[in-house]
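Participant: If you count the sequence shown from 1, position 4 lands on 622 in our numbering, and the numbers rise without skipping. Idealized CB from N, CA, C, for every residue including glycine. Handing you a structure now.
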Amino acid sequence: MFKDRKDAGEKLAHALEKYKGKDVLVLAIPRGGVEVGYRV
Numbered sequence: 619m620f621k622d623r624k625d626a627g628e629k630l631a632h633a634l635e636k637y638k639g640k641d642v643l644v645l646a647i648p649r650g651g652v653e654v655g656y657r658v
């Protein structure tokens with residue numbers, strides 16, 4: 619799993635690299651999502 623939300627965000631960002639430079643939208647919903655979304 620993940621050590622913490624920072625770790626989760628970094629792993630998610632890595633998994634989403636194929637979308638880099640494309641027209642995408644990332645929603646970081648509150649209650650922990652903001653810290654994860656920041657890494658993405």
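Output the distance between the C-alpha atoms of K636 and K629, rounded to the nearest integer angstrom.
Facilitator: 13 Å
Participant: So A633 and R657 are supposed to be a Cβ contact under 8 Å. How far apart are they, rounded?
Facilitator: At roughly 11 Å, the Cβ-Cβ gap does not stay under 8 Å, so A633 and R657 are not in contact.
Participant: Helix or strand or just coil, what does DSSP make of V658?
Facilitator: In this structure, V658 counts as coil in the three-state DSSP scheme.
Participant: In whole angstroms, what separates the C-alpha of K638 from that of D622?
Facilitator: 24 Å
Participant: If we ignore side chains and look at the alpha-carbon of each, how far apart do G627 and V654 end up?
Facilitator: Distance between the alpha carbons of G627 and V654: 4 Å.
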